[in-house]
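The structure appears right after this line, and notes come after that.
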Amino acid sequence: MALISQTSYTLGRPKFAIASLSLGSNAYHNLPTKIRVASKLGYDGIEIFIPDFEAFVAEVRDGQHAELFDSLFPDTLPLDELETACAEALLKLCISHNLEIPLLQPLRNFENFRSQAQLDVALDEAERWFRLMAIMKCELILVCSNHIPLPHPITREYTREMYLDAQVDALRQLGARAEKYEVKIGYEPLSWGTVVDNWMQIWDVVKRVDRKNVGVLLDSFNTLGNQYADPGEASCIRPQQTLAKMLQNLTEMSRVIPAEKIFFYQIADGVRPQEILTDTEDMPRRMKWSRTSRVFPCEPPASRLDSVSDQENPSTGYLGFLPVTQMSYLVHRTGYRGWWSLEVYNSSLHVSDEECPWSHARRGIAGLKTLWEITKDEITRDEIKATANCKQDDLEETDQKRHTYNSTGNAKKDGTWK
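For what it's worth, this note's numbering labels the leading residue of the sequence shown as 4, then goes sequentially.
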């Protein structure tokens, strides 16, 4: 039964979080409101979206949220002191609502550096956020790949290998800066990244960075939205792609990335766009799709069943069409036991209705609970199968021994009985 002890899973549910951006646009819904809503609906944590934090600082500057500050209202302070006071107030609010802040995101444009001087500017900007993260007791920052406007950064003189070598060096230096603040770096491929757009590239870079505080951030939408889906196709599936091929890729991911190097798991599904999308100079088609058409995992399907499916890419049975349940199971198979966090962009977030944060939070927590139950069922089936295999191995071993001895217990020697 040793095999079971080696492969046994811990079935305690992961901590659930939601990105503040997924609770409504900051044009209508402020960060303190989102924190209160997330707590009320049972989340364990909330990701802080940097534009939401910056909007909160601007609101405080304008005299709002006085109830969050015990002493002198900080609206007249210099910006760095104001940001510090706001970070302290948000931490206090989260603590009072039993919420953690597992992630700050995103640190954009940390890529395509052609000189140390360019990199130094980006490192200094990152350090501003590291300082605030230490105040908010947030240990992880998301660094994403990016859409890089023309001209394309890869040329005959500056190859993809040179580009990625420079990114390894940049992240190594970023990790060194972050270490002073006990901050970790989670590197994520965006599905529309100009150069870096998949987990294989991210893992190659992270391996070569070779720092304990630099790891991989996996995102179901960005992984599946690049390697499985394509909103430029009528079916919204990449040409020649099948579910079976996608699952082979994800199985390889679960095999090669060690659990300790997966720092965070973000979750979203997607619906097909109403029309085929095309790239424009300032916005790739996958970026357009991402910002309007993400949905929460395991949401009930629309009244009309998805008609664009076939045997090789069957319907999921949910509102979204991406194989999020399978990916979540395979992420768990790596041994990862960290956060499951929702990151959903959708046109529905850009409304002023006060119900917006509540409705999205309800949909999200219901989806997470369903997704975990599905994952747990798969794990249980694995355990039963592994147990059955072990029992079968024991039976075969016993049967072999039975045929190795004669009825008097004398061992067979040289193919003949004594």
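Glycine residues also receive a C-beta, built at the ideal position from the N, C-alpha and C atoms. Please read all numbers here as calculations on a predicted model, not as lab measurements.
Same chain, Cβ closer than 6 Å to residue i, five either side skipped, listed in chain order
{"i": "SER28", "result": "LEU352 and HIS353"}
{"i": "VAL327", "result": "SER223, ASP272 and PRO300"}
{"i": "GLY45", "result": "ILE368"}
{"i": "SER432", "result": "Shown here, the chain extends from 4 to 421; a query on residue 432 therefore has no answer."}
{"i": "LEU174", "result": "VAL212 and VAL217"}
{"i": "ASN115", "result": "ILE151 and PRO156"}
{"i": "LEU325", "result": "LEU227, ASP272 and GLY273"}
{"i": "ILE377", "result": "THR328"}
{"i": "SER350", "result": "THR295"}
{"i": "LEU193", "result": "CYS147, SER148 and ASN225"}
{"i": "GLY338", "result": "ALA262"}
{"i": "PRO77", "result": "LEU85 and ALA88"}
beta-carbon residue i near the ligand GTP non-hydrogen atom, thresh 7 Å
{"i": "SER257", "result": "Within the structure as shown, the ligand GTP is missing, as the structure has no ligands at all."}
When the options are compared against residue i, the one with the closest alpha-carbon
{"i": "LEU24", "options": "ARG294, PRO304 and GLY323", "result": "ARG294"}
{"i": "MET139", "options": "PRO360, GLY370, GLU185 and TRP375", "result": "GLU185"}
{"i": "GLU278", "options": "LEU250, SER238 and SER257", "result": "SER238"}
{"i": "SER296", "options": "GLY228, TYR348 and ALA92", "result": "TYR348"}
{"i": "THR373", "options": "SER331, ALA391, GLU357 and ARG336", "result": "SER331"}
{"i": "GLN329", "options": "ARG39, THR79 and ALA247", "result": "ALA247"}
{"i": "LYS215", "options": "GLU302, ASN201, ALA262 and ALA20", "result": "ALA262"}
{"i": "GLU91", "options": "LEU135, THR245, GLN119 and ALA389", "result": "LEU135"}
{"i": "GLU302", "options": "SER362, ASP313, ARG289 and ARG258", "result": "SER362"}
{"i": "SER318", "options": "ARG163, VAL124 and ARG275", "result": "ARG275"}
{"i": "LYS210", "options": "LYS187, VAL171, THR245 and GLN243", "result": "VAL171"}
{"i": "LYS18", "options": "GLU357, GLY235, VAL298 and ILE270", "result": "ILE270"}
{"i": "THR254", "options": "ALA389, GLU57, GLY178 and HIS335", "result": "HIS335"}
{"i": "ARG180", "options": "THR87, ASP47 and VAL124", "result": "VAL124"}
{"i": "ASN252", "options": "VAL298, PRO287 and ASN201", "result": "ASN201"}
Exposed unless 16 or more other CB atoms sit within 10 angstroms - verdict on residue i
{"i": "SER223", "result": "buried"}
{"i": "LEU75", "result": "exposed"}
{"i": "ASP65", "result": "exposed"}
{"i": "GLU315", "result": "exposed"}
{"i": "GLU128", "result": "exposed"}
{"i": "ALA364", "result": "buried"}
{"i": "SER148", "result": "buried"}
{"i": "ASP55", "result": "buried"}
{"i": "LYS165", "result": "Looking at the sequence itself, residue 165 is Met, so the reference to Lys does not match. MET165 should be labelled exposed."}
{"i": "ILE260", "result": "buried"}
{"i": "GLU70", "result": "exposed"}
{"i": "ASP313", "result": "exposed"}
{"i": "ASP83", "result": "exposed"}
Start-to-end residues for the beta strand (DSSP E) that takes in residue i
{"i": "LYS187", "result": "187 to 191"}
{"i": "VAL354", "result": "Here VAL354 belongs to no beta strand (DSSP E), and DSSP marks it neither H nor E."}
{"i": "GLN269", "result": "265 to 270"}
{"i": "GLN108", "result": "107 to 110"}
{"i": "SER344", "result": "343 to 345"}
{"i": "ALA20", "result": "19 to 22"}
{"i": "LEU34", "result": "Taken as a continuous stretch (DSSP letters only), LEU34 belongs to no beta strand (DSSP E), being part of the alpha helix (DSSP H) at 34 to 43."}
{"i": "VAL146", "result": "143 to 147"}
Nearest-angstrom Cβ-Cβ length linking residue i and residue j, presumed shorter than 8 Å
{"i": "LEU102", "j": "ALA41", "result": "6 Å"}
{"i": "ILE49", "j": "GLN108", "result": "Not really, about 11 Å apart at Cβ, beyond 8 Å."}
{"i": "LEU280", "j": "LYS291", "result": "5 Å"}
{"i": "ILE38", "j": "LEU96", "result": "6 Å"}
{"i": "PHE59", "j": "ASN33", "result": "6 Å"}
{"i": "MET256", "j": "LEU333", "result": "7 Å"}
{"i": "ASP47", "j": "ALA20", "result": "6 Å"}
{"i": "TRP195", "j": "PRO287", "result": "4 Å"}
{"i": "ALA22", "j": "GLU236", "result": "Rounded, the Cβ-Cβ distance is 28 Å, inconsistent with contact."}
Sequence-distant residues of its chain with Cβ nearer than 7 Å to residue i (five each side left out)
{"i": "ASP285", "result": "PRO152"}
{"i": "LEU14", "result": "LYS379 and ILE382"}
{"i": "GLY418", "result": "Residue placement at GLY418 cannot be trusted, given a pLDDT of 36 that sits under 50; what the coordinates show is reported in the next sentence. Taken in chain order, the list of residues that qualify is empty."}
{"i": "GLN176", "result": "LEU122 and LEU126"}
{"i": "PRO304", "result": "GLY320, TYR321 and LEU322"}
{"i": "ARG16", "result": "TRP375"}
{"i": "LEU110", "result": "ALA129, TRP132, ILE144, LEU145 and VAL146"}
{"i": "GLU62", "result": "ASN33 and HIS68"}
{"i": "GLU182", "result": "ASN216"}
Host alpha helix (DSSP H) of residue i (start-end)
{"i": "GLY178", "result": "163 to 182"}
{"i": "CYS89", "result": "82 to 99"}
{"i": "TRP202", "result": "202 to 212"}
{"i": "GLN314", "result": "Segment: none, GLN314 is in no alpha helix (DSSP H) and carries neither H nor E."}
{"i": "ALA305", "result": "Unbroken run through ALA305: none, as it is neither H nor E."}
{"i": "PHE224", "result": "223 to 230"}
{"i": "PHE59", "result": "53 to 64"}
{"i": "GLU128", "result": "119 to 139"}
{"i": "TYR332", "result": "327 to 336"}
{"i": "MET286", "result": "Looking at the DSSP string, MET286 is not in any alpha helix (DSSP H), and its letter there is neither H nor E."}
{"i": "GLU255", "result": "246 to 259"}
Same chain only: Cβ atoms within 8 Å of residue i, ignoring 5 sequence neighbours per side
{"i": "LEU167", "result": "VAL198, VAL199, GLN204, ASP207 and VAL208"}
{"i": "PHE267", "result": "PRO105, LEU106, LEU143, LEU145, GLY189, LEU220, LEU221, GLY341, TRP342 and SER344"}
{"i": "ARG241", "result": "GLN230, TYR231, ALA232 and ASP233"}
{"i": "LEU94", "result": "ILE104, ILE138, MET139 and LYS140"}
{"i": "ASN112", "result": "ALA125 and ASN149"}
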